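Undergrad:
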Amino acid sequence: KAGVTQTPRYLIKTRGQQVTLSCSPISGHRSVSWYQQTPGQGLQFLFEYFSETQRNKGNFPGRFSGRQFSNSRSEMNVSTLELGDSALYLCASSANIPGQAINEKLFFGSGTQLSVL
Amino acid sequence: AQSVTQLDSQVPVFEEAPVELRCNYSSSVSVYLFWYVQYPNQGLQLLLKYLSGSTLVKGINGFEAEFNKSQTSFHLRKPSVHISDTAEYFCAVSTTRQGGSEKLVFGKGTKLTVNP
Chain A
1 KAGVTQTPRY LIKTRGQQVT LSCSPISGHR SVSWYQQTPG QGLQFLFEYF
51 SETQRNKGNF PGRFSGRQFS NSRSEMNVST LELGDSALYL CASSANIPGQ
101 AINEKLFFGS GTQLSVL
Chain B
118 AQSVTQLDSQ VPVFEEAPVE LRCNYSSSVS VYLFWYVQYP NQGLQLLLKY
168 LSGSTLVKGI NGFEAEFNKS QTSFHLRKPS VHISDTAEYF CAVSTTRQGG
218 SEKLVFGKGT KLTVNP
């Protein structure tokens with residue numbers, strides 16, 4: 001079974017640009033979460049999607065947005081990039097179904113390393 | 118809101134020595150606790166989890182952790198480390214489901230370096 005796939009692996013952008021990152025979850029997983037990882041702040045939760053609906057959102061500005069498609073693939077978008085957005089963006093999928101079980105195990109992708117110059 | 122504190126940002130040890138990575142959490146409700154490991158240039162992998170039952174939890178690669186509710190701790194231990202255990206370790210907490218969704222809150226990580 002293929003793991004969580006994130007593309008691209010590396011990305012370099014300049015301030016003010018926008019970027020879209022992609023995540024394909026493990027087959028059969030309908031829950032997808034996004035995290036931002038930086039040396040200073042560690043791992044911070046961005047948002048969680050299930051069946052094309054955003055179920056939970058972290059404390060990030062509105063420049064950060066996401067969506068999920070009917071095949072459970074997810075994208076996140078960051079508009080008007082700032083230097084501080086440079087980070088490793090991790091996507092995780094799980095078999096979690098809201099209302100039925102806790103988030104027992106997340107399967108993480110290798111991430112997209114975004115550098116904003 | 119819950120939070121996680123990993124008391125040591127870096128832990129250097131020699132090969133075959135024991136190691137303990139400390140984790141404390143705060144939460145006003147019941148919690149579920151996890152340890153994840155991140156090897157260089159990779160995503161996170163689950164090492165072990167505490168959901169309920171026995172407070173001593175055994176995970177992969179010889180790691181174990183003990184849930185201590187009175188001390189709000191979930192320290193990770195291994196009796197004898199290998200060079201290949203060099204990685205960053207993250208403690209995380211999740212609360213019981215309320216309203217249909219929850220998220221993992223991670224500590225800032227502990228970099229374990231195993232030296233020969």
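Residue numbers (the numbering used here), protein chains in the order written: chain A, 1 to 117; chain B, 118 to 233.
Idealized CB from N, CA, C, for every residue including glycine.
From a predicted model like this one, the values you see are computed outputs, not experimental measurements.
1) Along the chain, where does the beta strand (DSSP E) that runs through LYS220(B) open and close?
2) Figure out for me which residue from SER171(B), TYR142(B), PRO196(B), THR172(B) has the closest Cα to the Cα of ASN178(B).
3) I'd like to know if the stretch 34 to 48 of chain A and the stretch 131 to 142 of chain B are in contact, where contact means that at least 3 CB-CB pairs between them fall below 8 Å.
4) Quick one: using the 10 Å Cβ neighbour count with 16 as the cut-off for buried, is VAL235(B) buried or exposed?
5) Using a beta-carbon distance below 8 Å, is LEU173(B) in contact with chain A?
6) Going along chain A in order, which residues have a C-beta closer than 9 Å to the C-beta of GLN127(B)?
7) For ILE12(A), does the three-state DSSP call read helix, strand or coil?
8) Between PHE64(A) and chain B, is any beta-carbon pair separated by less than 8 Å?
9) Under 7 Å Cβ to Cβ from HIS199(B), same chain only, skipping five residues before and after it: list those, please.
10) Using a Cβ cut-off of 9 Å, pull out every chain B residue sitting near LYS105(A), in sequence order please.
11) Please confirm if GLY179(B) has its CB atom under 8 Å from at least one CB of chain A.
12) Roughly how many whole angstroms lie between the Cα atoms of PHE180(B) and VAL154(B)?
13) Give the list of continuous beta strand (DSSP E) stretches no shorter than 3 residues that lie fully inside the stretch 50 to 84 of chain A.
14) Do you know offhand how far GLN215(B)'s Cα is from LEU168(B)'s?
15) Could you give the uninterrupted runs of the beta strand (DSSP E) lying entirely in the stretch 122 to 198 of chain B, keeping only those of 3 residues or more?
16) Determine, for GLN215(B), whether the minimum Cβ-Cβ distance to residues of chain A falls below 8 Å.
17) Measuring only between beta-carbons, confirm whether GLY176(B) sits less than 8 Å from chain A.
TA: Well, looking at it:
1) Premise fails: LYS220(B) is in no beta strand (DSSP E) and is neither H nor E.
2) Across the set SER171(B), TYR142(B), PRO196(B), THR172(B), the C-alpha of PRO196(B) shows the shortest separation from the C-alpha of ASN178(B).
3) A contact is defined here as three or more CB-CB pairs under 8 Å, and the stretch 34 to 48 of chain A fails this definition with respect to the stretch 131 to 142 of chain B.
4) In this structure chain B extends from 118 to 233, so residue 235(B) is not present and cannot be described.
5) Taking Cβ atoms only, chain A never reaches closer than 8 Å to LEU173(B), which makes this a no.
6) In chain order: nothing, as chain A lies at least about 12 Å away.
7) Of the three classes helix, strand and coil, the one that applies to ILE12(A) here is strand, per DSSP.
8) No, PHE64(A) lies away from the interface with chain B (no Cβ there is under 8 Å from its Cβ).
9) Counting only residues of its own chain and dropping the five nearest sequence neighbours on each side, HIS199(B) has a CB closer than 7 Å to the CB of GLU132, VAL231.
10) Listed along chain B, the residues sitting closer than 9 Å to LYS105(A) by beta-carbon distance are PHE151, LEU163, LYS166.
11) Chain A contact via Cβ: absent.
12) Taking the straight line from one Cα to the other gives about 11 Å.
13) When DSSP assignments are scanned along the stretch 50 to 84 of chain A, the uninterrupted stretches of beta strand (DSSP E) that are 3 or more residues long and fall wholly within it turn out to be 53 to 57, 64 to 68, 74 to 78.
14) Legend: pLDDT at GLN215(B) = 46, less than 50; position of this residue unreliable, no value from coordinates given.
15) Counting only runs of 3 or more, we get 127 to 131, 136 to 138, 141 to 143, 148 to 155, 161 to 167, 173 to 175, 181 to 185, 190 to 195.
16) Confidence is the limiting factor: at GLN215(B) the pLDDT is only 46, short of 50, which leaves the residue's position unreliable, though a coordinate-based value still follows. Judged by the 8 Å Cβ criterion, GLN215(B) is not in contact with chain A.
17) No, no contact with chain A.
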